[in-house]
Structure formats: C-alpha cells, structure tokens
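What follows is a short report on a single structure.
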Amino acid sequence: MPEPLRILVVDDEPLARQRVLDLLARAAEVEVVGTAGTGRQAVAAIAQHAPDLVFLDVQMPGLSGLDVVREVGPEAMPAVVFVTAYDQHALAAFDVAAVDYLLKPYDDDRFAQALARARDAVRLREVDTLRDRLASLLGGSVPPPPPSQAYLERIAVDMRGQTRLVPVDAIDYIASDGPYAEVHTGSDVYVVRERMQTLEERLDPARFFRIHRSTIVRIDRVEAILTAAGGDYSVRLADGTRLRLSRSRRDAFTQHLGIDAAE
C-alpha cells in the first residue's frame, strides 16, 4: 500500500479551512498532519511536520501565502496548492509556480483534480522543479497582493470626550443602531456615528463581510453557519455569539468563503 500523502491546510478563515478538511476526509490515502490559521503558524507547522503538500491560502493578514514561501524558502517548501481569490491576470503565474491553484469558490470536482495533480507531482518527484518555479514567482513574476492601506486599519470612536482608535483586528462584528454603529470587540462595545454602507466600503472585503443589512462580521471570527428549522440562517462566532445571516446574502457569503451553498 502506498504511503499516505501528508497534508497541511493553511487558511485564516475557519470555515474555508474546514471546507478543505471535509473534502480531504473523503479522499483515500491522505493524512492531515496539521492546520494553521496564520502565516506565522504555517511556517512553524511546515518546519515541524515536513508535509508532502500544503493547501495554502494566498490572501491572509500578516504573512500572506507568498510571504510563507519566502519565510520557509523555496528550496525547503513542500508541494503547494494555492487557494486564492485572485482575479484572472495572476492565475497563470500561480499555475506555473504551484502544483495547482484553487480559485474561490471551487467545487468538489475541481478540488479532487487539484489533489490528484498534487499526488502525481509528489509521486513523480517533481517538487524540485516546482521549487525552482516558486523562486521565480517570488522574483516578481506575479502581482503583489492588493494593498491593504486603502482600507481602514483603525476606527476612531468617541469615549467620554476623547477619541480612541480601535484596531480593526480587534473587531468581532459591527451592528447598526439607527444613525450609529456599534463596534463589538470582545466584551467592549463602542459607538460610532457612521453609516453601515460607509463602513462596509472602507473595511477590507477580504476580512469583513456584511451578512445582514444591520451586521458586518469579521470573517475569521466566524466558526460555523447554522440553519434553523424554519430555514433561517445565522453564523456562530468563536466566542459563541450568534448573528443573523440574511437569506439574500447567504449564497454570496458561502461563495466568498469557498463553500458550496448546498452544503
């Protein structure tokens, strides 16, 4: 019996990470050796587990997928399947440099195809050639990730006559309250005089999603999507908070996460 393909799954969004794990659970002769939710965790996990293959999200806060390759070094990098929401002009470069790429949202058949290509590459010992291509990729043949500077990194809130700057990384979700918006960060709630539409436009769509006309959620805080008996939807955050997910936005949200709406 052939050795199982040892796989590491890297994505900062828990639901997107779980999507890959669920698909791997259906595959034969694979072993998931670990998962990582940040680029820094991915670098450590690659060193610890020495996987044969990494499913690697490209767009992550902090260290991006390409930054992970830089940190590890192309010469030490396992085979890679990039998982990306990049637009078409960058895909050819990823296709050359990696075993394969998955463009979110992807279906089960496309995932199976990427896994089969990866298995063949590892079995045929093509990884050395791919490492050379990864080095070329890091040399500048692909556009860098879109700059995050265009989006808010901090939100100014009024507190007892003084202005406090709340980092967007601390936000769990934002809820509208008439002409105001409530910014929820753990046990703290801050009120800002800002329209939801304005906040939606100024927050990075790779990190935040408007799941309801009155709610914007930070994507990597979402742990599960729930369906009630009556067909209503909600999301559960990592701290247990439940927020309503409108039916009209459910499909767009699941597609954004790379999850089939039918699942």
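Heads up: the sequence shown begins at 38 in this note's numbering, then just goes up one per residue. Heads up, the beta-carbon is just placed ideally off N, CA and C, and yes, glycines get one too.
Are there three or more Cβ pairs, one per stretch, closer than 8 Å when the segment 225-238 is compared with the segment 266-273?
By the Cβ criterion, the segment 225-238 is not in contact with the segment 266-273, since fewer than three pairs of Cβ atoms, one from each stretch, lie closer than 8 Å.
Give every residue of the same chain whose Cβ lies closer than 7 Å to the Cβ of D145, excluding the five residues on either side of it in the sequence, and list them in chain order.
Exclusion of the five residues before and after D145 leaves L60 as the residues of its chain whose Cβ lies within less than 7 Å of its Cβ.
Exposed or buried, which one is T72 when buried takes at least 16 other CB atoms within 10 Å?
buried
Roughly how many whole angstroms lie between the Cα atoms of R147 and V194?
For R147 and V194, the distance between alpha carbons rounds to 45 Å.
Which first and last residues belong to the beta strand (DSSP E) in which M196 is found?
191-196
Considering only DSSP beta bridges, list what S271 is partnered with.
L263, R281
With DSSP run on the structure shown, which of helix, strand or coil describes E108?
helix
Residues bridged to E219 (per DSSP)
Beta-bridge partners of E219 (DSSP): A212, V228.
Collapsed DSSP secondary structure at R160 in the structure displayed:
helix
Between which residues of its own chain and V136 is the CB-CB distance below 7 Å, once the five residues before and five after are set aside?
Around V136, the same chain offers A116, V117, V118, R154, A155, A158, L167 as residues with beta carbons nearer than 7 Å, after the five sequence neighbours per side are excluded.
Over what stretch of residues does the beta strand (DSSP E) that includes D94 continue unbroken?
Element bounds for D94: 90-94.
Mapping DSSP to helix, strand and coil, what is P204?
strand
For L45, count neighbouring Cβ atoms within 10 angstroms of its own Cβ and tell me buried if that reaches 16, exposed if not.
buried
Near T222, which residues of its chain fall below 7 Å by C-beta distance, leaving aside the five closest residues on each side in sequence?
V203, A207, I208, D209
Distance CB(T75)-CB(L100) smaller than 9 Å
yes
Kindly confirm or deny that the segment 76-93 and the segment 277-287 touch, where touching means at least three C-beta pairs closer than 8 Å.
no
May I ask which residues mark the beginning and end of the beta strand (DSSP E) holding V47?
42-47
What's the C-alpha gap between V91 and G102?
10 Å
Report the three-state DSSP secondary structure of R77 (helix, strand or coil).
In the three-state reduction of the DSSP assignment, R77 falls in the helix class.
If you drop the 5 nearest sequence neighbours on each side, which residues of the same chain put their C-beta closer than 6 Å to that of R258?
D209, L274, A275
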